[in-house]
Amino acid sequence: MTQAVTPLSALTPLDWTWRNQQIRYTVQGEGQPLLLIHGFGASIGHWKHNIPALAAQGYQVFALDLLGFGASAKPAWDYSLDLWQDLLRDFWQAKIQQPTVFVGNSIGGLLSLAMLANYPELCAGGVLINCAGGLNHRPDELALPLRVVMATFAKLVSSRLTGPFLFNQVRQKSRIKNTLYQVYGDRQAVTDELVEMLYEPSCDPGAQQVFASVITAPPGDSQTELLPKRQHSLLVLWGDRDPWTPIKGSQIYQDLAAQNAGVEFHPIPGAGHCPHDENPSLVNSLILDWLQRLG
């Protein structure tokens, strides 16, 4: 279920310097601060249906491009969840300085959970949308044949000889569109503008090195390690047709919700990995209702 198109031009691009690197961000509205964190390969534009709607209801909505993605700088660094947590902490200190609700999709969801666990003084709550279980799969999570395939792919991606060739194959617009068709429950949400939003940053100098670093990065803390440390309420939303983070992986959140342990869980029927973009009307409504109860 899609809604009227919100143009990317409605999001005002702003820049902030972090560790001598440019970080792209945007902000709309006034009130309780929310910080929206995108998933792997995405950027601020992935929230174009959510930022105006949330801001219009009395919230100050921030979103940024993580280092290495979107219009942010792409230095040849070692990328990890810890690095991005440092970025989010420092962005909060520079631009927000009020208890914030962290909202994230996929890897952004895991980062939101990590902020609640590791920096509770910055937080007022968290919204996890199809939360990833790690930056990468842990070896014990994969069957042996797939484990060998993924290890081989990681080596090839990291190679100076084969890495650029593989990256150029992965980032072709036709492949991006086919991947989106696989992971979006609603094919109508896969627009040319969405494909372009994912493709354009891949043309930046350094994009291939970022891709290789992220693909070979450690998975980081798991949900089972982070959840016992959180002190704030969670809203968990999950597209029930997601092949990347299947809804069966959300059982840990469903169990907490059943125990009334400060967790509220809602499946998003018919949506895949990115329900905030596939069914923004429902996702925005659920977030706003929860925020009102949180307040």
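Heads up: the sequence shown begins at 2 in the numbering used here, then just goes up one per residue. Every residue gets a Cβ at the ideal spot worked out from N, C-alpha and C, and that includes glycine. If you're wondering where the values come from, they're calculated on a predicted model, not measured in any experiment.
For L295, which of V264, S282 and E279 has the nearest alpha-carbon? V264
Please report the distance separating the alpha-carbon of Q170 from that of Q293. 45 angstroms
Output the boundary residues of the beta strand (DSSP E) element that contains N106. T101 to N106
Tell me whether K230 is buried or exposed, calling it buried when 16 or more other Cβ atoms sit within 10 Å of its Cβ. exposed
Provide the residue span of the beta strand (DSSP E) that contains V62, from first to last. Start and end: Y60 to L65.
For L136, collect the residues of the same chain with a Cβ closer than 6 angstroms to its Cβ; drop the 5 residues on either side in sequence, then sort them by chain order. L82, A218, P220 and G221
Presumed contact (8 angstroms Cβ cut-off) between Q58 and L289, rounded CB distance: 5 angstroms
Where C124 falls, given that 16 or more other Cβ within 10 Å makes a residue buried: buried
Straight-line Cα distance separating Q23 from W17: Looking at the two C-alpha atoms, the distance is approximately 6 angstroms.
Beta-carbon proximity of A56 to Q29, cut-off 8 angstroms: yes
Spatial neighbours of M116 within its chain, please: C-beta separation below 8 angstroms, excluding the five flanking residues on both sides. Q86, L89, R90, F103, L123, C124 and G127
Counting C-beta neighbours from all protein chains within 10 Å, is the total for C275 16 or more, i.e. buried, or is it exposed? buried
Touching by the beta-carbon criterion (3+ pairs, under 8 angstroms), the stretch 177-195 and the stretch 268-282: yes
Is it true that the CB of Y60 sits closer than 8 angstroms to the CB of Q98? no
Give a yes or no on whether the C-beta atoms belonging to A133 and L227 are separated by under 8 angstroms. no
Please go through the same chain and pick out, in chain order, the residues whose beta-carbon is closer than 7 angstroms to the beta-carbon of K178, but skip the five residues on each side of it. Leaving aside the five residues that flank K178 on each side, the residues in its chain whose CB is nearer than 7 angstroms to its CB run, in chain order, V191 and V196.
Can you tell me whether DSSP reads V215 as helix, strand or coil? The answer is helix: DSSP assigns V215 an H, G or I state.
Which runs of the beta strand (DSSP E) fall wholly inside the stretch 211-275 and span at least 3 residues, in chain order? 235-240 and 264-269
Could you tell me which residues DSSP pairs with P34 in its beta bridges? Looking at the DSSP output, P34 sits in a beta bridge with Q61.
What are the residues that DSSP puts in a beta bridge with T18? Q23
Considering just the uninterrupted stretch of the alpha helix (DSSP H) at A54, what are its terminal residues? I52 to A56
Mind checking which residues open and close the beta strand (DSSP E) that includes V191? It is not in any beta strand (DSSP E) - V191 carries neither H nor E in the DSSP assignment.
Since Y120 and A64 should fall inside the 8 angstroms C-beta cutoff, what is the C-beta to C-beta distance between them, to a whole number of angstroms? About 18 angstroms; that fails the 8 angstroms criterion.
How many angstroms separate the CA atom of S44 from the CA atom of D256? 31 angstroms
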